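Okay, so the sequence shown: first residue is 44 according to the numbering used here, each after it adds one. Don't be surprised by glycine CBs; every beta carbon is placed ideally from N, CA and C. Predicted model only: the values in this text are computed from it and were never measured. Read the structure below first, then the notes.
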Amino acid sequence: MKKNILPFVLPFEDTVKNHNLNLKRKQIKILQVNMGKLCNQACHHCHVEAGPKRTEIMDLATIDRILQLLKQSQTIETVDITGGAPELNPNFKYFVSEIHKLEKKTPLTIIDRCNLTILFEKGQEETAKFLREYRVNIVASLPCYSKENVDSQRGNGVFDKSIRALLLLNTLGYGKDGTSLTLDLVYNPLGAFLPPSQKTLEKDYKKELKKLFGIEFNRLFTITNMPIKRFLKQLEREARLQEYMNLLVQSFNPKTAENIMCRDLVSISWDGQLYDCDFNQMLEIPIHLKKNTLWTIESLEELARQNIVFAEHCYGCTAGNGSSCSGSTIKDNGG
Ligand code: SF4
Ligand code: SF4
C-alpha cells in the first residue's frame with residue numbers, strides 16, 4: 044500500500060507525468076541486499092534508523108534463497124551489500140564467499156557499504172583482509188574531511204577511526220592505482236541543502252585527504268539527504284521540512300529522473316521482502332507486484348519492466364544533479 048508521507052507538495056507522479064517521462068523499471072542489474080539494522084553507530088541522518096540495539100538481522104535461509112536467485116539470474120551484475128553495518132551479520136563472510144563462488148560469464152561485482160569504524164570492532168579484526176581477499180569493492184561514508192563535521196553527524200571519535208580505517212585500507216592496496224581494489228567515499232550534506240558538484244568536491248577531497256593524512260581513494264559519491272526517518276525528524280524539530288521539500292521540488296531535474304537507481308535495481312530487506320529501493324524499504328512501501336518476497340517469485344527477472352512505486356521522498360533522487368547509491372545521476376561538469 045502506497046503511503047503519502049509528505050502530502051504537502053505536488054505528488055511526484057504528477058511531476059513525472061507533466062514531463063512526459065516513462066519511468067518503468069528496465070532490466071535489473073543491481074541487487075541491493077540489506078543484511079540488517081544492527082550497527083555500531085547511530086548517525087543523526089541515518090535513513091535505516093540503525094544502531095547497536097537493533098535486532099533485525101538477515102538469517103541463513105534468506106541468504107541461501109538470495110544465492111539461489113543470483114545463480115539463476117542472467118542480468119544481475121552487482122550485489123550491493125548494505126545495512127546497518129552488514130559486517131555484523133554473522134553470515135556476512137559466508138554470503139560474500141558464496142557469491143564469489145557463483146559461476147558467471149563475468150564475475151559479479153560485490154560492494155560492501157562499510158562505515159569504516161566497524162573494522163575496529165571486536166571480532167572484526169580480519170574483516171579488512173577478508174574484503175581484499177574476495178576483491179570486494181568498498182563504499183564508505185565520510186561526509187567531510189574535517190573532524191568536527193564528521194563527529195557532529197556520525198558520533199564522537201568516528202572521524203579519527205575513519206581516518207585510521209582508510210589508512211589501513213590503503214595499506215592493503217585499496218584506492219591505489221593499479222590494484223583494482225576499489226575504495227569509493229560517500230558525501231552527504233550536513234544539513235538541509237543539496238550536495239555541491241560531485242566532480243569539484245571529489246577534487247577537494249582528494250587534495251585534502253592526501254595533504255592531511257596521505258589517504259588515497261577512487262571516487263567520491265555525493266548523496267542527497269532523503270526527507271525520511273532520522274533526517275525527517277531533524278527537519279521537523281528544526282521546523283524546516285516544508286522549506287527542504289520546496290528546495291527538492293524546485294530543483295527537480297528531468298534529466299536525473301531518467302537515471303534514478305530504481306530503474307535497474309531491486310532492494311531486499313533483512314526478512315526477504317522486495318522493494319524498489321532502500322528508501323522505500325525503510326518506509327515499508329513494497330513493490331507493486333503481489334509476489335513481493337524472495338519466496339514468492341521464481342526469478343529476479345520477473346521484476347524487470349514493472350512499475351515503480353513513487354512517493355514524495357523521490358524528489359530527493361531527482362534534485363539538482365540527482366542522487367543515487369553511486370552518487371549524482373547525470374554528468375557533472377563541475378562548478
Ligand atoms: S553507519 Fe550507516 S547504517 Fe550505521 S547508523 Fe550510520 S548511517 Fe546508519
Ligand atoms: S526514492 Fe527509491 S523509488 Fe523513489 S526515485 Fe529514489 S530510488 Fe526510485
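As computed with DSSP, residue 201 is found in no beta bridge at all. In this chain, the alpha helix (DSSP H) harbouring residue 247 covers 241-256.
Using a cutoff of 6 Å, the CB of residue 350 does not count as near ligand 2, since none of the ligand's heavy atoms is closer than that. Taking C-beta atoms under 8 Å as the contact rule, residue 310 and residue 75 qualify, at a distance of about 5 Å. Boundaries for residue 156: no alpha helix (DSSP H) harbours it, while the beta strand (DSSP E) harbouring it runs 152-157, taken from the DSSP string. Secondary structure note for residue 228: its beta strand (DSSP E) is the uninterrupted segment 226-230. Annotation for residue 143: 177 place their beta carbon closer than 6 Å to its own, counting only its chain and skipping 5 residues before and after. As far as DSSP is concerned, residue 277 takes part in no beta bridge. Inter-segment contact for the stretch 64-84 and the stretch 302-316 is present: three or more beta-carbon pairs are separated by less than 8 Å.
By the Cβ neighbour-count rule, residue 331 is exposed, with fewer than 16 other Cβ atoms within 10 Å of its own. For residue 359, the three-state secondary structure derived from DSSP is helix. Of the candidates 89, 326, 58, 89 places its Cα closest to the Cα of residue 277. In the DSSP annotation of this structure, the continuous segment of the beta strand (DSSP E) that includes residue 265 starts and ends at 263-265. Boundaries for residue 167: no beta strand (DSSP E) harbours it, and the DSSP string shows neither H nor E there. In this structure, residue 217 and residue 228 do not form a Cβ contact; the two beta carbons are roughly 11 Å apart against a cut-off of 8 Å. Annotation: residue 253 to residue 339 spans about 49 Å, alpha carbon to alpha carbon.
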